[in-house]
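Numbering (this note's numbering), first residue to last: 1135 to 1567.
Quick reminder that beta carbons are idealized off the backbone N, C-alpha and C, glycines included.
Input: a single structure, listed below in structure tokens.
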């Protein structure tokens, strides 16, 4: 494992080549302004939720949400994470707290509207998280207390059925793959969440609207999956990883909406057009890389620096290819159960063996990967759980792996230039550059 330097580095901006990338960023900015208007000025309800919770429930009830991981990434991109982690330390919290999940909480504790994005988040109706690791209930419980609101925890029961090829069977056989008991528990908890939201907001959950939303999500994810399949085969890779992430994840936070479906289609079309014209993310693609872990939100320009320096292109990250096997579901007249199968397994397939390494090993072969970089946040146990075994799986398949001891939102131990040089040296050592 290679440790990043102790000096704080300055992140670099991502270069945008697609028209839809700027459009997605503009939409999210406008959404933030509209959210503040609706919540602060007009007093509408809203929620703070983890990424692996049923956002679709809130969308169907027209209750705005802020996703904790997106909020952390946004704070980090604004180069504010160092200040907020100092606030946590000053208030007595340990320095090895999970930074990805606690950064939003730190922003609330800082209570500094002058520096906080949007002036800080207003008081939500509820905070929602699945109990996927030991720290979640502490972070969200204390966050809810600090904001004088309620925390609604959701269980994360063990997945007894070990199917390393889950990604081949998830579309139609989701009940068998994910387990009826786990699905039933998730459905019961979602019904409890609906009842709570109806009681607190006065809004009603519309089953037909929810069913239509689930159908539209299948359409949206189908566009993303189609683009990903084409991108994986294309030589050169047509789109940089940063633009893959932006055009997948911003619509993902609004999945099923008319805008999200239309944007996914527009992104698909731009990807196909670049492939048809033979355009690549790098002028001279020489190495195809895989990025394992969350995005490097404080330094998105890191990826493109490698494209420019040695023609090393990140063809793969978890965000875009996840749209196919993990989101698309045959509804079978049971949209609530189909949603439960999607939600109850997100962390396992992204972070735990045998699901994580089974999928990513297959993806490396599908995308023609030459080498992989693995982000290993020192204080994020969930992000470490399956990464070492995944690295072993890739190395056994002949894919060299470089482990980076760095954090997705904390830039304290990151130096842009040194890390670019580190990766270049690794690829040269492996005779890939």
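Practice item. Report all residues from its chain with a CB closer than 7 Å to the CB of residue 1174; omit the five preceding and five following residues, and keep chain order. Key: Closer than 7 Å at the Cβ level, and outside the excluded window around residue 1174, lie 1256.
**Study point:** According to DSSP, residues forming a beta bridge with residue 1500
**Key:** Answer is none; residue 1500 lacks a bridge partner.
Point to revise | Backbone secondary structure at residue 1155 - three-state DSSP | key: In this structure, residue 1155 counts as helix in the three-state DSSP scheme.
Exercise for review: Report the rounded CA-to-CA distance for residue 1373 versus residue 1246, giving the unit in angstroms.
Suggested key: Straight-line Cα distance between these residues: approximately 38 Å.
Exercise for review: Please report the residue range of the beta strand (DSSP E) in which residue 1329 lies.
Suggested key: Run containing residue 1329: none in the beta strand (DSSP E); it sits in the alpha helix (DSSP H), 1314-1335.
Practice item. Sort out for me which residues DSSP pairs residue 1262 with in a bridge. Key: Under DSSP, residue 1262 forms a beta bridge with 1183 and 1286.
Exercise for review: Can you have a look at residue 1233 and say buried or exposed, based on whether 16 or more other CB atoms are within 10 angstroms of its CB?
Suggested key: Burial call: buried.
Practice item. Name the two residues that bound the continuous alpha helix (DSSP H) containing residue 1448. Key: Unbroken run through residue 1448 is the beta strand (DSSP E), 1446-1450; no alpha helix (DSSP H).
Practice item. Per DSSP, which residues does residue 1505 bridge with? Please list them. Key: Residue 1505 pairs with 1423.
Practice item. Scan the stretch 1212-1256 and note each continuous alpha helix (DSSP H) run of 4 residues or more that stays entirely inside, going in chain order. Key: For the stretch 1212-1256, whole alpha helix (DSSP H) runs of length 4 or above, ordered along the chain, are 1215-1224 and 1233-1244.
Practice item. Assign residue 1566 to one of three DSSP states: helix, strand, or coil. Key: Coil.
Exercise for review: Could you tell me the distance, in whole angstroms, from the CA atom of residue 1430 to the CA atom of residue 1553?
Suggested key: Here the C-alpha atom of residue 1430 lies approximately 12 Å from the C-alpha atom of residue 1553.
Check your understanding: Apart from the five residues just before and just after residue 1382, which ones in its own chain have a Cβ nearer than 6 Å to its Cβ?
Key -> Within its own chain, the residues whose Cβ lies closer than 6 Å to the Cβ of residue 1382, once the five positions on either side in sequence are excluded, are 1358, 1453 and 1454, listed in chain order.
**Study point:** Sequence-distant residues of its chain with Cβ nearer than 8 Å to residue 1280 (five each side left out)
**Key:** Closer than 8 Å at Cβ, skipping near neighbours: 1239, 1242 and 1243.
Check your understanding: So is residue 1410 buried or exposed if we call it buried at 16+ other beta carbons inside 10 Å?
Key -> Its Cβ having fewer than 16 others within 10 Å, residue 1410 is exposed.
Review point. Is there contact between the stretch 1436-1456 and the stretch 1491-1509, where contact requires at least three CB pairs shorter than 8 Å?
Key: Touching, yes, given that three or more Cβ pairs across the two stretches are closer than 8 Å.
Check your understanding: Roughly how many angstroms lie between the CA atoms of residue 1414 and residue 1352, to the nearest whole one?
Key -> Distance from the CA atom of residue 1414 to the CA atom of residue 1352, rounded to whole angstroms, is 28 Å.
Review point. Taking Cβ positions, are residue 1188 and residue 1324 nearer each other than 8 Å?
Key: Against a cut-off of 8 Å, the Cβ pair of residue 1324 and residue 1188 comes out as a contact.
Review point. Residue 1550 to residue 1434, Cα distance in whole Å?
Key: Distance from the CA of residue 1550 to the CA of residue 1434, rounded to the nearest whole angstrom, comes to 10 Å.
Exercise for review: Specify, as a first and last residue, the run of the alpha helix (DSSP H) that residue 1539 falls within.
Suggested key: Segment 1535-1539 is the beta strand (DSSP E) holding residue 1539; no alpha helix (DSSP H) there.
Point to revise | Inside the stretch 1375-1443 only - beta strand (DSSP E) runs reaching at least 3 residues | key: As far as the stretch 1375-1443 is concerned, its whole beta strand (DSSP E) runs of at least 3 residues are 1421-1426.
Check your understanding: How is residue 1199 classed by DSSP in three states: helix, strand or coil?
Key -> In the three-state scheme derived from DSSP, where H, G and I count as helix and E and B as strand, residue 1199 is classed as strand.
Exercise for review: Hey, could you find the ends of the alpha helix (DSSP H) residue 1357 is sitting in?
Suggested key: Per DSSP, residue 1357 belongs to the alpha helix (DSSP H) from 1341-1367.
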